[in-house]
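Colleague: After the structure tokens below, expect a handful of questions from me.
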Amino acid sequence: MAGCCEGNKTHSASGCCGAGGSRTVLIYACSGGANVGEVTDQAARELMYAGAGTMFCLAGLGGDIEGMLATARSADVNLVLDGCPLECAKKVFDRHGLPHQYLRVTDLGIAKTKGVRATPEQIKTVTDKACAMLQCKA
Numbered sequence: 040m041a042g043c044c045e046g047n048k049t050h051s052a053s054g055c056c057g058a059g060g061s062r063t064v065l066i067y068a069c070s071g072g073a074n075v076g077e078v079t080d081q082a083a084r085e086l087m088y089a090g091a092g093t094m095f096c097l098a099g100l101g102g103d104i105e106g107m108l109a110t111a112r113s114a115d116v117n118l119v120l121d122g123c124p125l126e127c128a129k130k131v132f133d134r135h136g137l138p139h140q141y142l143r144v145t146d147l148g149i150a151k152t153k154g155v156r157a158t159p160e161q162i163k164t165v166t167d168k169a170c171a172m173l174q175c176k177a
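The opening residue of the sequence shown carries number 40 in my numbering; numbering runs sequentially from there.
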């Protein structure tokens, strides 16, 4: 993640990595039980810490929390990070008809394995790809 947003460690969606000041970028992670879920969660947090956007609650959308759905509808960008071909996070967005950009970890050559920790290299692979999608300076 180094280089993305040039080391800016803000906790808001403004200022860099395509967030563009007043642009609202929300990042959602499918934090499933396998390593790819951990990868999405950690990548989303790294993107947030770098100022690429704000991590937002996928469970709230899945639970039909109207205020959270309204926030997602009004966002400029909803970046959905899914771990595997089950596409759990994408299905939440599709069910609600919410616009989103989509990234699936297994499409980046990271195999889904239960009981194995995510590696820093896997997290970097996902943050680099997400930064490219959000027009970061990676």
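C-beta: ideal position from N, C-alpha, C; glycine also.
How about Gly71 and Gly122: are their beta carbons less than 8 Å apart?
Modeller: The residue labelled residue 71 in the question sits at position 32 within the sequence shown. The residue labelled residue 122 in the question sits at position 83 within the sequence shown. Cβ distance < 8 Å, so Gly71 and Gly122 count as in contact.
Colleague: Buried or exposed: which applies to Ile233, given that a residue is buried once 16 or more other Cβ atoms fall within 10 Å of its Cβ?
Modeller: Given a span of 40 to 177 for the chain in the structure shown, any question on residue 233 remains unanswerable.
Colleague: Applying the criterion that 16 or more other CB atoms from any shown protein chain within 10 Å of the CB defines a buried residue, is Val64 buried or exposed?
Modeller: Within the sequence shown, the letter at position 25 stands for residue 64. Val64 comes out buried.
Colleague: Helix, strand or coil for Asp80 per DSSP?
Modeller: The residue you call residue 80 lines up with position 41 of the sequence shown. In this structure, Asp80 counts as helix in the three-state DSSP scheme.
Colleague: DSSP on Val75, reduced to helix/strand/coil?
Modeller: Locating residue 75 in the sequence shown gives position 36, where the first residue counts as 1. Correct three-state label for Val75: helix.
Colleague: Excluding sequence positions up to five away, which residues of its chain have a Cβ less than 7 Å from the Cβ of Ala157?
Modeller: Position 118 of the sequence shown holds residue 157. Answer for Ala157: Asn74, Glu77, Val78, Gln81, listed in chain order.
Colleague: What number of angstroms, rounded off, separates the C-alpha of Thr166 from the C-alpha of Ile149?
Modeller: Taking the sequence shown and counting its residues from 1, the one referred to as residue 166 is at position 127. Taking the sequence shown and counting its residues from 1, the one referred to as residue 149 is at position 110. Approximately 13 Å between the Cα atoms of the pair.
Colleague: Give the C-beta separation of Leu97 and Val131 to the nearest angstrom, bearing in mind that I take them to be a contact with Cβ-Cβ under 8 Å.
Modeller: Against the sequence shown, residue 97 aligns to sequence position 58. Against the sequence shown, residue 131 aligns to sequence position 92. About 6 Å; that satisfies the 8 Å criterion.
Colleague: Please tell me whether Tyr67 and Leu120 are closer than 8 Å, where the distance is taken between their beta carbons.
Modeller: As a working mapping, residue 67 is identified with position 28 in the sequence shown. As a working mapping, residue 120 is identified with position 81 in the sequence shown. Cβ atoms of Tyr67 and Leu120: closer than 8 Å.
Colleague: Cα separation between Met107 and Gly92?
Modeller: In the sequence shown, residue 107 corresponds to position 68, counting from 1. In the sequence shown, residue 92 corresponds to position 53, counting from 1. The straight-line gap from Cα to Cα measures roughly 16 Å.
Colleague: Under a three-way DSSP split, which group does Asp133 fall into?
Modeller: The residue given as residue 133 occupies position 94 in the sequence shown. In the structure shown, Asp133 sits in a helix (DSSP, three-state: H, G or I).
Colleague: Which partner residues of Met94 appear in the DSSP bridge assignment?
Modeller: The residue you call residue 94 lines up with position 55 of the sequence shown. DSSP, once it has assigned bridges, lists Ile66 as partnering Met94.
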